Amino acid sequence: MNERKDAGLVQKTVHIVRSVATHPDGVGLSEVARDTGFSKATCFRILTALEDEGWLVSDPVTRHFSLSLGLFMLVSSQHTAARRSALVDDVLRGVAAEVEEAAGLDRLDQQAALVLREFSGPHQIGHTPRAVPRRLSAVRTSTGRVMLAYGDRDKARELFEEDAASGRPLAIKDAAAFDAMLDEVLERGYAVSSDELEPGLTAIAVPVRIDDEVPYSTWVSGPTFRMREREQAHVVEALRGAAERLAVLL
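In my numbering, each residue's number is its place in the sequence shown (first place is 1) plus 29.
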């Protein structure tokens, strides 16, 4: 993917920090470049600058970068933000308890849907929790479709073409069909992804509106056989109530 020309230095730095944050065991230069769509030279300059400032640390052998303890301590000192984050978590836990499936919060980050929060429903108790944050296809996920529907359609078509060219089977036949699907998302106010991100998994997502934009999407996800048994209108209603509360907190 060509490097985004409209991304300023601050935006690039934010995207690179997010990329590193999704790899708790460390990440190399090449993968950061793939995650963000920026050139290796740009990523290297920003990564080394962040390391010099003490925000990142790098393994002297592998040269993999990870967030520094100093950065974690700096962030954890912001008590107001911590309280707000705890309230966000309470909202999502409430959805997971009401719908009895996993619930979470995503945002669009360059080419991917970035999972920021995830809480298990009662059926997942005892299962190994999935890593958070993590990056998922914006084209195949319900949250990605929500955020793309309310965002830049040129970017949405570009991401569809990239995903279609990856070689992984994709149920949507072409960019025009994907664009029509996004129109349907706008019309009904929610998106569904069934057996597309992974076999046997269905997710429903709604927008989290802040001012006139949709920077976040909240979701419920579970096995397809159980999600088919649930009343979709009830799931959407629970998510919309959560989205209203999240919009105040975020």
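Here a beta-carbon is modelled for each residue, glycine too, at the ideal position from N, C-alpha and C. In this text the structure is predicted, and so the values were computed from the model without any measurement.
Original post:
At which residues does the beta strand (DSSP E) containing residue 75 begin and terminate?
Top reply: Counting along the chain, residue 75 falls outside any beta strand (DSSP E), though it belongs to the alpha helix (DSSP H) covering 69-81.
Original post:
Which runs of the beta strand (DSSP E), 3 residues or longer, sit entirely within the segment 131-195?
Top reply: 131-138, 141-148 and 163-166
Original post:
If we call anything under 8 Å between Cβ atoms a contact, is residue 192 one with residue 168?
Top reply: yes
Subject >> Other residues of its chain near residue 218: CB distance less than 6 Å, five sequence neighbours each side excluded >> reply: none
**OP:** Consult DSSP for residue 218 and reduce its assignment to one of helix, strand or coil.
**Re:** coil
Original post:
Do you know offhand how far residue 126's Cα is from residue 73's?
Top reply: 43 Å
**OP:** Determine the DSSP secondary structure at residue 90, reduced to helix, strand or coil.
**Re:** coil
Original post:
When you compare only the Cα positions, how much space is there between residue 180 and residue 245?
Top reply: 11 Å
Original post:
Excluding five sequence neighbours on each side, which residues of the same chain lie with their C-beta closer than 8 Å to the C-beta of residue 34?
Top reply: Low local confidence applies: a pLDDT of 49 at residue 34 is under 50, so the model's placement there is unreliable, with the coordinate-based value given in what follows. Same-chain partners within the cutoff: there are none.
Subject >> Pick from 252, 83 and 170 that is closest to residue 143, judged by C-alpha positions >> reply: 170
**OP:** Assign residue 101 to buried or exposed, taking buried as 16 or more other Cβ atoms, counted over all protein chains shown, within 10 Å of its Cβ.
**Re:** exposed
Subject >> Burial state of residue 103 (16 or more Cβ within 10 Å) >> reply: exposed
Original post:
CA-CA distance, residue 289 and residue 243?
Top reply: Look at the range of the chain in this structure, 30 to 279, and you will see that residue 289 is not part of it.
Subject >> DSSP state of residue 48 mapped onto helix, strand, coil >> reply: helix
Original post:
Hey, residue 146 and residue 121 are a contact pair by Cβ (cut 8 Å); roughly how many whole angstroms apart?
Top reply: 6 Å
Original post:
Could you give the residue range of the beta strand (DSSP E) that holds residue 242?
Top reply: 242-252
**OP:** Examine the Cβ distances between the segment 48-57 and the segment 85-92 and report whether three or more of them are shorter than 8 Å.
**Re:** yes
Original post:
Thinking C-alpha only, which one of 266, 118 and 114 is nearest residue 236?
Top reply: 266
**OP:** Just the C-alpha distance for residue 30 and residue 208, rounded to the nearest angstrom, thanks.
**Re:** Caution is warranted here: a pLDDT of 45 is assigned to residue 30, below 50, making its placement in the model unreliable, and the coordinate value is therefore given only provisionally. Straight-line Cα distance between these residues: approximately 20 Å.
Original post:
So which of 196, 223 and 269 has the shortest CA-CA distance to residue 253?
Top reply: 223
Original post:
Which residue or residues does DSSP assign as beta-bridge partners of residue 230?
Top reply: 252
Original post:
Would you call residue 64 buried or exposed, if buried means 16 or more other Cβ atoms sit within 10 Å of its Cβ?
Top reply: buried
Original post:
Under a three-way DSSP split, which group does residue 41 fall into?
Top reply: helix
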